[in-house]
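Q:
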Amino acid sequence: MPELPEVETVRDGLARHVTGRTVTGVEVLRDYSVRRHEGGPDSFRGQLVGQRVGAAVRRGKYLWLLLEDTSGTQDAPPGDVPDGAAPAGGHVTALMAHLGMSGQLLVRSGSAAVEKVPHLRVRLELSGLAGEDDAPRTLDFVDQRTFGHLSVTDLAPTPDGAPGGWGSPLAEIPEPAAHIARDLLDPALRRDELARAVRRRRTGIKRALLDQRLVSGVGNIYADEALWRAGLHYARPTDTLRLAEAHRVLDAAEEVMREALAQGGTSFDELYVNVNGQSGYFSRSLAVYGREGEACTRCGALVRRDEFMNRSSYTCPVCQKVPRNARW
Ligand SMILES: [Zn+2]
Numbered sequence: 001m002p003e004l005p006e007v008e009t010v011r012d013g014l015a016r017h018v019t020g021r022t023v024t025g026v027e028v029l030r031d032y033s034v035r036r037h038e039g040g041p042d043s044f045r046g047q048l049v050g051q052r053v054g055a056a057v058r059r060g061k062y063l064w065l066l067l068e069d070t071s072g073t074q075d076a077p078p079g080d081v082p083d084g085a086a087p088a089g090g091h092v093t094a095l096m097a098h099l100g101m102s103g104q105l106l107v108r109s110g111s112a113a114v115e116k117v118p119h120l121r122v123r124l125e126l127s128g129l130a131g132e133d134d135a136p137r138t139l140d141f142v143d144q145r146t147f148g149h150l151s152v153t154d155l156a157p158t159p160d161g162a163p164g165g166w167g168s169p170l171a172e173i174p175e176p177a178a179h180i181a182r183d184l185l186d187p188a189l190r191r192d193e194l195a196r197a198v199r200r201r202r203t204g205i206k207r208a209l210l211d212q213r214l215v216s217g218v219g220n221i222y223a224d225e226a227l228w229r230a231g232l233h234y235a236r237p238t239d240t241l242r243l244a245e246a247h248r249v250l251d252a253a254e255e256v257m258r259e260a261l262a263q264g265g266t267s268f269d270e271l272y273v274n275v276n277g278q279s280g281y282f283s284r285s286l287a288v289y290g291r292e293g294e295a296c297t298r299c300g301a302l303v304r305r306d307e308f309m310n311r312s313s314y315t316c317p318v319c320q321k322v323p324r325n326a327r328w
């Protein structure tokens, strides 16, 4: 399952390899992969062809491409749009991509753009760019387990007037992501408000971290890593956290994700050339997650695994003592 750092790596790669190009063709090889698109595959194609990709944007693990309607408008350079405003003339929509368990977005050019890899579900053909990089490209959605999906959706203004996500100043967000809270890497996140909101919850801290309406982008892996780093047990009741402890765990979650991002920063370009069905998700250096029975790197105690929300929680029994009044 991709976590925020992987999704950000994909977003960054799309921003560099896809923006500015116009969709010239769409092939849906499996209807199920556009099941969330209202109107089905024909409508999906119709709403994409002729659109220009304006930006690649991410909030939490949600990823979208801004689409600018180029029909009937003069081509304007992408830099002309004032901060927070929609580009003049064109209606803006978004192509949302849910990667699910195994989804990949692969950008290819030249002869590689013709070949169809296994598990290819949707292919977008993209125009060449005038100037230095003239070759047409394809954007392939490859998804072995088919939990992922694509859809074209409308945008809604953000309630706080700040950018919808990382990657564009546009203060709008795709409607299906409107309920998703800002993530810990988002400069518009109000950290003090979040820490206070965490303490107002009546739940365990890990459940709060995983609640995408409270804070987005923290998945099971980085929740466990952040809690280990902060020295807090996952069942610690949020309403017993001191403000400093709430900040400590949020800071730790941001830290582990930034470190993962720094480690994985080049993987999209590898993916871009290496498309032989490998997952592309980078290996993570983890302290507790997936390390049941191994020694805690801080104290040497053996890492334990508990069942948690149909998944697992990994903790060090010494560094992360079970709290009184634990909320499992
Ligand atoms: Zn330990």
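Per UniProt numbering, the very first residue in the sequence shown carries number 1; after that it's consecutive. C-beta atoms are modelled at their ideal positions from N, C-alpha and C, and glycine is treated no differently.
1) Measuring alpha carbon to alpha carbon, tell me which of 192, 136, 146 and 94 ends up nearest residue 119.
2) What do you get for residue 130, buried or exposed, if any count of 16 or more other CB atoms within 10 angstroms of its CB means buried?
3) Put residue 44 into one of helix, strand or coil per three-state DSSP.
4) Would you say the beta carbon of residue 301 is closer than 7 Å to some non-hydrogen atom of ligand 1?
5) At which residues does the alpha helix (DSSP H) containing residue 105 begin and terminate?
6) Below 6 Å CB to CB, which residues in the same chain sit around residue 312 once its five sequence neighbours on both sides are set aside?
7) Relative to the C-alpha of residue 248, which residue among 162, 233 and 63 is closest?
8) For ligand 1, is there any heavy atom lying closer than 7 Å to the beta carbon of residue 11?
9) To which residues of the same chain is residue 322 closer than 7 Å at the C-beta, ignoring the five residues directly before and after it?
10) Report the three-state DSSP secondary structure of residue 337 (helix, strand or coil).
11) Just checking my contact of residue 71 with residue 150 at CB under 8 Å: how many whole Å lie between their CB atoms?
12) Am I right that residue 143 and residue 102 are in contact with their C-beta atoms under 8 Å? What's the rounded C-beta distance?
13) How many angstroms separate the CA atom of residue 19 from the CA atom of residue 38?
14) Looking at residue 67 and residue 26, is the spacing between their C-beta atoms short of 8 Å?
15) Beta-carbon within less than 7 Å of residue 179's beta-carbon, same chain only, minus the 5 sequence neighbours each way: which residues are those?
16) Report the CB separation of residue 243 from residue 195 in whole angstroms; it is logged as a contact under 8 Å.
17) Just to check, is the beta-carbon of residue 318 closer than 7 Å to a non-hydrogen atom of ligand 1?
18) Quick one: Cα of residue 317 to Cα of residue 228, how far?
19) Can you tell me where the alpha helix (DSSP H) with residue 228 in it begins and where it stops?
20) If you drop the 5 nearest sequence neighbours on each side, which residues of the same chain put their C-beta closer than 8 Å to that of residue 204?
21) Classify residue 187 as buried or exposed, calling it buried when 16 or more other Cβ atoms lie within 10 Å of its own Cβ.
22) In chain order, what residues of the same chain have a beta carbon less than 8 Å from the beta carbon of residue 49, not counting five sequence neighbours either side?
23) Return helix, strand or coil for residue 320, following the three-state DSSP convention.
24) Which value, in whole angstroms, describes the spacing of the CA atoms of residue 315 and residue 104?
25) Please list, in chain order, all residues of the same chain as residue 278 whose beta carbon is under 6 Å from its beta carbon, the five residues on each side excluded.
26) Quick one: what does DSSP say residue 252 is sitting in, helix, strand or coil?
27) Per DSSP, what kind of secondary structure is residue 56 in: helix, strand or coil?
28) Less than 8 Å between the beta carbons of residue 57 and residue 44, yes or no?
29) Identify the residues that DSSP records as bridge partners of residue 96: which are they?
30) Roughly how far, in whole angstroms, is the beta-carbon of residue 216 from the beta-carbon of residue 100, given that I think they are within contact range, below 8 Å?
31) So who's on the other strand from residue 307, going by DSSP bridges?
A: Short version:
1) Taking only the C-alpha atoms, the option nearest residue 119 is 146.
2) exposed
3) DSSP places residue 44 in helix when its eight states are reduced to three.
4) yes
5) Counting along the chain, residue 105 falls outside any alpha helix (DSSP H), though it belongs to the beta strand (DSSP E) covering 103 to 109.
6) Within the same chain, residue 312 has close Cβ partners 305.
7) 233
8) no
9) Correct list, in chain order: 233 and 235.
10) In the structure as shown, the chain begins at 1 and stops at 328. Residue 337 is therefore absent and cannot be evaluated.
11) Contact flag wrong, Cβ pair sits at about 21 Å.
12) The Cβ separation is near 6 Å, so the contact holds.
13) If I take the Cα positions, the gap works out to 25 Å.
14) no
15) 213
16) 6 Å
17) yes
18) 10 Å
19) 220 to 230
20) Excluding residues within five positions, the ones whose Cβ falls inside 8 Å are 234, 235, 236, 237, 238, 326, 327 and 328.
21) Residue 187 is exposed by the Cβ-count criterion.
22) 23, 24, 25 and 26, listed in sequence order.
23) coil
24) 31 Å
25) For residue 278, the pLDDT reaches just 38, beneath the cut-off of 50, and the residue's location in the model is therefore unreliable, although a value from the coordinates is still provided. Taken in chain order, the list of residues that qualify is empty.
26) helix
27) It is a strand residue.
28) no
29) Beta-bridge partners of residue 96 (DSSP): 64 and 151.
30) Between residue 100 and residue 216 the Cβ distance is about 16 Å, and since that is not below 8 Å, they are no contact.
31) 312
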